[in-house]
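Asker: Heads up: the sequence shown at position 26 corresponds to 26 in the UniProt record's numbering, and the numbers run straight through without jumps.
Every residue, glycine too, gets a C-beta built ideally from N, C-alpha and C.
These numbers were taken from a predicted model, which means no experiment stands behind them.
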Amino acid sequence: MSSGINDDDLQPLRTYMQNVLVMEQELSPYLFQTLLTLVSSSSNHDLSLLKAHDEGKFEKAMRWTILRGIQKPYSGVKLSEKKNASSWWFRTGTSFSHCFLVGEALDWMKGWVERMQKEIIHDTTSPYNHAANTSQLVEFMAQLMKAWGWIESLHDTNSQQETTFSFEKNKSQWFRMGDLAKPRLIVVGGGMSGYKVAKQLGDWFELTLIDKEGTMDLVPIYPTLITDKNNIHHIAIDHKKTLPSNVKCIKGVVTLASQVGVIVETLEAQEENGEVFKVDPKLEHSQEDSSTITNYQDLSLKDNAGISRVNDTIPHRYFMKFDYLVLAPGCTCWNNFPITKLSHNEIKFVNPYDANSLIESHSIIEQLSETEEICVLGGGYVAVEVAGFLAEKYRDKKITIIQRSHQLMKPSRDAHNAVMDIFKNTLTNVKVMLNSEIISQNGPKTFIVKTRISGEESNETQVNCSVCFICTGMRPQVGFLKDFFSASLDSNEFICVNSHMQVAVRDNTLTTSNSSYYDHIFAIGDATNVKETKLASHAHKHAKTAYTVLPQVAQSIPSSQLATYTPRGYDRPQTVIIGPNHGLWVKGSTLLLNSSVVAYFKERSQAMKGRWMAGGRAQQEENEGMEENVMRK
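#1: My assumption, with CB atoms under 8 angstroms, is that Phe-484 sits in contact with Ala-257. Please give the rounded CB distance.
#2: By Cβ distance below 6 angstroms, which residues in the same chain neighbour Asn-35 in space, the five residues on each side in sequence not counted?
#3: In whole angstroms, what is the alpha-carbon distance linking Ser-75 and Pro-220?
#4: Leaving out the 5 sequence neighbours to the left and right, which residues in its chain are closer than 6 angstroms to Gly-266 when beta-carbon positions are compared?
#5: In this structure, does DSSP put Leu-218 in helix, strand or coil?
#6: Taking the alpha-carbon of Ile-448 as reference, which of Val-505, Gly-455, Thr-461, Tyr-518 has the nearest alpha-carbon?
#7: How about Ser-110 and Ser-95: do their beta carbons lie closer than 7 angstroms?
#8: Looking at Lys-171: is its Cβ nearer than 7 angstroms to the Cβ of Val-102?
#9: With 16 as the cutoff for other CB atoms within 10 Å, does Ile-364 come out buried or exposed?
#10: Please report how far the alpha carbon of Asp-526 lies from the alpha carbon of Phe-494, in whole angstroms.
#11: Which residue wins for smallest C-alpha separation from Glu-437, given the options Thr-400, Leu-427, Arg-413, Asn-429?
#12: For the beta strand (DSSP E) that contains Ala-236, what are its first and last residues?
#13: Would you mind working out which of Glu-114, Ile-151, His-155, Glu-119 sits nearest Ser-135, comparing C-alpha positions?
#14: State the beta-bridge partners of Val-430 as determined by DSSP.
#15: Please tell me whether, using a cut-off of 6 angstroms, the distance from the CB of Asp-203 to the nearest non-hydrogen atom of the ligand FMN is below it.
#16: Taking the alpha-carbon positions, what's the Leu-49 to Thr-528 distance?
#17: For Trp-89, which three-state DSSP category applies?
#18: Taking its Cβ as the centre, do 16 or more other Cβ atoms sit within 10 Å of Pro-411, making it buried, or is it exposed?
#19: Name the two residues that bound the continuous alpha helix (DSSP H) containing Glu-385.
#20: Nearest to Thr-548 by alpha carbon, out of Asn-464, Lys-118, Gly-202?
#21: To test your reading of the DSSP string, which unbroken alpha helix (DSSP H) runs of 4 or more residues are found completely within the stretch 531 to 586?
#22: Looking at Lys-60 and Gly-274, is the spacing between their C-beta atoms short of 7 angstroms?
#23: Report the partner residues of Val-326 according to the DSSP bridge assignment.
#24: In the DSSP assignment, what are the bridge partners of Trp-174?
#25: For Glu-346, count neighbouring Cβ atoms within 10 angstroms of its own Cβ and tell me buried if that reaches 16, exposed if not.
#26: Using three-state DSSP, classify Arg-475 as helix, strand or coil.
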């Protein structure tokens, strides 16, 4: 989900992100020195007022260093789900997540103080080179977090005097993280898998979902937009209307991601705090609108292209820190065919993985003359579906499929034959060019296509084209990861993950991944390197694994006990609809069914799901298990 801005514009943001990483490292010594000063002063501090100390820098340092340090997986502080103490006897009452033993938190803080003592106290140049009372510092930090509402007791402390409560004397007590101190989870991408994670984990985390369009799109029926652009109303499911109210939804684009935070570009102003703050306005990029780029570099083909600008308004840019990150950026089309860059190009290129691009194609195609033609590049499932809907919608237009291979619908020869029969006998305005590829563009609306005849023999023909649908495969949208996660991408730029959907930490000098993975960073959906066909059902299972593993990791459950995902392989049944009246059910090389019933059920079932989900949050809450059923189907 990169913004599509050029490399020169990104460089200041890279520098900014590096500075954030340095700042995080510098917060620990700053915090330690400030704590020493506050504890050693004779005055009795109003702990609640210290949140604003040093213009909020002290509070930020406490949150980033101590609170988030305690919450880190495998820190030694085990976060668990518990019921409030008064209800334990009857096993009823309110259940709380992120509960911890006071003693474990104190031990972690003592360890931090001891590390800082070695680092700073022994520095003779430091003004704080005197011994610190470890217990006093630890108690002070715990009291601060309690006063600020970051941690709360599960026991009834109303009768206790707050000033006399001692953490050191109550090590066996259970506390929980307050609502303002839940671990921060950012989900990048609100498609099928990202949406599912966001829906499930709003209670466990302070959750933010960032998506370019602000919708969860039913991608399997995108081609139906060719028939009727109004289908978008039940294909695009509004995040803000359908996700739980405790999930923050941002319509925007992640420009850059690191191991600690992301930079977001959005037209929606965000509330700034210790973990969300605006990037220096000096780093805003040029106001030149990237939509002026023409031909095959147009917005429909760029890597998520950024967000539209309103009256040349420059979007806000924010840095958002996270404790956990889920990457679900999805894929777009490959734009890798060799054509000449012509300033006078008049071909409209359409991205079948972009709803807006498909909708925009309507007005262009409707204005074509009878002699103007439409091309579909590729011969896989998506290409066949697109060609079928185009042929059904525009009976008076010539549709040409240009396929590099010797057949459509690989690896099933039976499926190829079935599709060719449909194009020969029913959708007769479709022409199929096999063993063919575009080698150049000759004129504003003309491709030169090379067709292999036999052996080394080939010929070249001119193909007129006014609108071109690029269905040449899927490309992961990972431009925003290349600066800080390049070593986590495979040779095709898919995100490397393990069986828990955690992102690989790789040595980019090696050709294969090592066994190390981030505990707190996950990737799901089509953009991962999981060895299986890219299907919506698989994306849902990725999401289920991630939303199961994330709370487990937060509770420091050993990796050997985490939920796992088993790749489904490349031999799973798939449905293909060739226009609204023809459908195939294919499993690997086997054609299981050739019937209009397949088309009917695929389109209608997805449409029904979309209409129901678009009904709003109130209906969703009233029918809480119903959506789970529909999504599973």
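Answerer: Quick answer:
#1: Indexing the sequence shown from 1 puts residue 484 at position 484. Indexing the sequence shown from 1 puts residue 257 at position 257. At roughly 6 angstroms, the Cβ-Cβ gap stays under 8 angstroms, so Phe-484 and Ala-257 are in contact.
#2: Along the sequence shown, read from residue 1 onward, the residue named residue 35 stands at position 35. The sequence given here places Leu at residue 35; Asn does not occur at that position. So the qualifying residues of the chain are Leu-137.
#3: Within the sequence shown, the letter at position 75 stands for residue 75. Within the sequence shown, the letter at position 220 stands for residue 220. Answer to the nearest angstrom: the Cα atoms are 42 angstroms apart.
#4: Taking the sequence shown and counting its residues from 1, one reaches residue 266 at position 266. For clarity, residue 266 is Thr in the given sequence; the question names Gly instead. Excluding residues within five positions, the ones whose Cβ falls inside 6 angstroms are Ile-250, Gly-252, Pro-315, His-316.
#5: Walking along the sequence shown from the start, residue 218 turns up at place 218. In the structure shown, Leu-218 sits in coil (DSSP, three-state: anything other than H, G, I, E or B).
#6: For the purposes of this step, residue 448 is taken as the residue at position 448 of the sequence shown. Out of Val-505, Gly-455, Thr-461, Tyr-518, Thr-461 has the C-alpha closest to the C-alpha of Ile-448.
#7: Within the sequence shown, numbered from 1, the residue matching residue 110 stands at position 110. Within the sequence shown, numbered from 1, the residue matching residue 95 stands at position 95. Reading off the sequence shown, one finds Lys at residue 110, where the question assumed Ser. Not closer than 7 angstroms, so no.
#8: Residue mapping note: residue 171 aligns to position 171 of the sequence shown, counting from 1. Residue mapping note: residue 102 aligns to position 102 of the sequence shown, counting from 1. Yes; because the gap between Cβ atoms is below 7 angstroms, this pair is in contact.
#9: Taking the sequence shown and counting its residues from 1, one reaches residue 364 at position 364. Ile-364 is exposed by the Cβ-count criterion.
#10: Along the sequence shown, read from residue 1 onward, the residue named residue 526 stands at position 526. Along the sequence shown, read from residue 1 onward, the residue named residue 494 stands at position 494. Roughly 9 angstroms separates the two Cα atoms.
#11: Walking along the sequence shown from the start, residue 437 turns up at place 437. Cα-wise, what sits closest to Glu-437 is Thr-400.
#12: As a working mapping, residue 236 is identified with position 236 in the sequence shown. Element bounds for Ala-236: 236 to 238.
#13: Here residue 135 refers to the residue found at position 135 of the sequence shown. For the residues Glu-114, Ile-151, His-155, Glu-119, the minimum Cα distance to Ser-135 belongs to Glu-114.
#14: Locating residue 430 in the sequence shown gives position 430, counting from the first residue. According to DSSP, Val-430 shares a beta bridge with Ile-399.
#15: As far as ligands go, the structure on display features none, and thus does not contain the ligand FMN.
#16: Here the question's residue 49 lines up with position 49 in the sequence shown. Here the question's residue 528 lines up with position 528 in the sequence shown. About 46 angstroms.
#17: Residue mapping note: residue 89 aligns to position 89 of the sequence shown, counting from 1. With a pLDDT of 48 at Trp-89, under the threshold of 50, the modelled position of that residue is not reliable, and the figure given next carries that caveat. Correct three-state label for Trp-89: helix.
#18: Numbered from 1 along the sequence shown, position 411 holds the residue referred to as residue 411. The residue in question, Pro-411, is exposed, as its Cβ has fewer than 16 Cβ neighbours within 10 Å.
#19: Within the sequence shown, the letter at position 385 stands for residue 385. Where Glu-385 is concerned, the enclosing alpha helix (DSSP H) stretches over 381 to 393.
#20: Here residue 548 refers to the residue found at position 548 when the sequence shown is read from its first residue. Checking every option, the nearest Cα to that of Thr-548 belongs to Gly-202.
#21: 536 to 554
#22: The sequence position of residue 274 within the sequence shown is 274, counting from 1. The sequence position of residue 60 within the sequence shown is 60, counting from 1. It is a contact, given that the beta carbons lie within the stated cut-off.
#23: Position 326 of the sequence shown, counting from 1, holds the residue named residue 326. Val-187, Phe-522.
#24: By one-based count along the sequence shown, residue 174 stands at place 174. Paired residue(s): Leu-101.
#25: Within the sequence shown, residue 346 is the residue found at index 346, counting from 1. Exposed, since its Cβ has fewer than 16 Cβ neighbours within 10 Å.
#26: Numbered from 1 along the sequence shown, position 475 holds the residue referred to as residue 475. Residue state, collapsed to three classes: strand.
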